[in-house]
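There are 2 protein chains.
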Amino acid sequence: MDSAEETTGGYRPWSEVTPDAARRLLVAAVEAFAERGYHATTTRDIAGRAGMSPAALYIHYKTKEELLHRISRIGHDKALEILETAASGPGSAAGRLDAAVRSFVLWHAAHHTTARVVQYELDALAPEHRSEIVELRRRSDAAVRRILADGVAAGEFDVPDVPGTTLAVLSLCIDVARWFNTAGRRTPEEVGALYADLVLRMVGAAPEAAQK
Amino acid sequence: MDSAEETTGGYRPWSEVTPDAARRLLVAAVEAFAERGYHATTTRDIAGRAGMSPAALYIHYKTKEELLHRISRIGHDKALEILETAASGPGSAAGRLDAAVRSFVLWHAAHHTTARVVQYELDALAPEHRSEIVELRRRSDAAVRRILADGVAAGEFDVPDVPGTTLAVLSLCIDVARWFNTAGRRTPEEVGALYADLVLRMVGAAPEAAQK
DNA sequence: AAGGCTGCTAAGCGCTTGCTCACCCTCCGG
DNA sequence: CCGGAGGGTGAGCAAGCGCTTAGCAGCCTT
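Protein chains in written order, with full-length UniProt numbering: chain A, 1 to 212; chain B, 1 to 212.
Spelled out as structure tokens, the structure:
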């Protein structure tokens, strides 16, 4: 099992999870959930991947669902941070949209294992955890919508349906986590560049407008 | 449980499944798989929704996985038919792309319960069933790529990366099944129209070019 | 009326699941 | 040298899983 994709890239993921054994369990859970899905993953599988006995899991986490919640929370925090950073940055709306799509897609491709769990296992969360996460997603939506609205107001974009286009842009980016494969021909950077171009076309912005 | 979305629209879905009890079980399975996912759905749940005992399921299907395979096969056949019909139709490349995206998205929205199972439960299939389905998906990809290549050759489209754009277009359409909600504000037709417009912009076709 | 086929159920088998519990290391301040 | 706390294990429990089997009602044919 290769997890190089999670440890490269300059920043150390999951560094906020301590102690060490809790982090190893969480990383093992991310891999297992991404491969087989939350419901098809057993606590024995997670513990085994982390090199521990099944009982060890319950020293650090109350339930299997708490593990998913921690993963989902940390992942959504990161995704939201990426979008809000791009949305509130300097430069033109086109430049900010380019940066938002590019970095958001880059994250989904480079960390597609994590992203797959974060984006596709929402329904497995307990109701109170689910609504907490849904609120974070609402804020992600708002960040993208703000860029589009700014671009329309500034005359940079031609977007007849801002909420609908916001939905489509986020949907397009999120779905990268489903199909992206490290064995494929494209690097995360290439996919980010391709998608940024496609999205700028969707909003009717000239390609050169993205150069802030 | 309301299944009006599966019975409206002029064509009768699952009519190819007989006898009646087998169809009722299959429809029940579609609903259950879409709501909770394949692995989280029990055979008792499926049988209960169909108003039968758990054992009744095994008269018509050998295993729970065979149910998923039948659903996936029928759904993929329908999806492929929609794309190939549009791809080999008359008219300009822009007109065919418009029709393909519009009808493909319409199907994913109107039958989002079925589409969710078809598009997101692929990994739960047994290896030999999975590769059969993957072949159908390869042909869907080829149908869209053909339209894009035709448009580029005819000078209608400006698409620097045909395989990448094909992937993005299909990904965008497929993901409709994940977020579409009958309680939402948009009708399947409206989403189809919106997405057809967005995709035509992605390939650099003038909106009026779609009018064959 | 008899016989057999079809479609279904009640009961339950063998197994796996999430999770618990009694116990045991290792480290560390006094 | 001790005692307790934190991190770990082996064994196992109750519940739920996919699936099987024995048996039975209703209907078609003869």
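In this text, a Cβ means the ideal position worked out from N, Cα and C, and glycines have one as well.
Under 7 angstroms by beta carbon: chain B residues contacting residue i
| i | result |
| --- | --- |
| ALA40(A) | HIS39 |
Beta carbon proximity, residue i to chain A, threshold 9 angstroms
| i | result |
| --- | --- |
| ALA29(B) | no |
| TYR58(B) | no |
| MET1(B) | A caution first: MET1(B) carries a pLDDT of 44, below 50, which makes its placement in the model unreliable, though a value can still be read off. For MET1(B), the answer is no, since every Cβ of chain A falls outside 9 angstroms of its Cβ. |
| ALA32(B) | no |
| PRO19(B) | no |
Presumed contact (8 angstroms Cβ cut-off) between residue i and residue j, rounded CB distance
| i | j | result |
| --- | --- | --- |
| ASP141(B) | ASP175(A) | Not a contact, Cβ separation roughly 14 angstroms. |
| LEU80(A) | LEU136(A) | 5 angstroms |
| TYR82(B) | LEU26(B) | The sequence given here has Ile at residue 82(B), not Tyr. Between LEU26(B) and ILE82(B) the Cβ distance is about 20 angstroms, and since that is not below 8 angstroms, they are no contact. |
| ALA177(B) | GLN119(B) | 5 angstroms |
| VAL203(A) | VAL159(A) | 5 angstroms |
| VAL152(B) | VAL144(B) | In fact, because the Cβ distance is near 13 angstroms, the residues do not count as touching under 8 angstroms. |
| GLU66(A) | ARG49(A) | Actually they do not touch by this definition, with Cβ atoms about 17 angstroms apart. |
| ARG201(B) | ARG102(A) | With a Cβ gap of about 18 angstroms, ARG201(B) and ARG102(A) do not count as contacting. |
CB contact flag (residue i, residue j, <9 angstroms)
| i | j | result |
| --- | --- | --- |
| ALA109(A) | VAL169(A) | no |
| ALA87(B) | ALA56(B) | no |
| HIS39(B) | ALA40(A) | yes |
| ILE74(A) | TRP14(A) | yes |
| ALA93(A) | ASP150(A) | yes |
| LEU194(A) | ILE147(A) | no |
| GLU84(B) | ARG139(B) | yes |
| ALA126(A) | GLU156(A) | no |
| ALA28(B) | LEU68(B) | no |
| SER171(B) | LEU172(A) | yes |
| ALA99(A) | GLY91(A) | yes |
| THR43(B) | LYS62(B) | no |
| PHE180(A) | HIS76(A) | no |
| GLY51(B) | GLY37(A) | no |
| GLY164(B) | ARG186(A) | yes |
Contact set between residue i and chain A, taken where Cβ atoms lie within less than 8 angstroms
| i | result |
| --- | --- |
| ASP161(B) | LEU194 |
is_contact[residue i, chain B] using C-beta, thresh 9 angstroms
| i | result |
| --- | --- |
| ASP123(A) | yes |
| ARG36(A) | yes |
| TYR61(A) | no |
Short-range partners of chain B found in the segment 164-187 of chain A, where Cβ spacing is below 8 angstroms = Residues passing the 8 angstroms Cβ filter: GLY164, THR165, LEU167, ALA168, SER171, LEU172, ILE174, ASP175, VAL176, ARG178, TRP179 and ARG186.
Under 9 angstroms (Cβ pairs) to chain B, residues found in the segment 190-203 of chain A | Answer in chain order: GLU190, VAL191, LEU194, TYR195, ASP197, LEU198, VAL199, ARG201, MET202 and VAL203.
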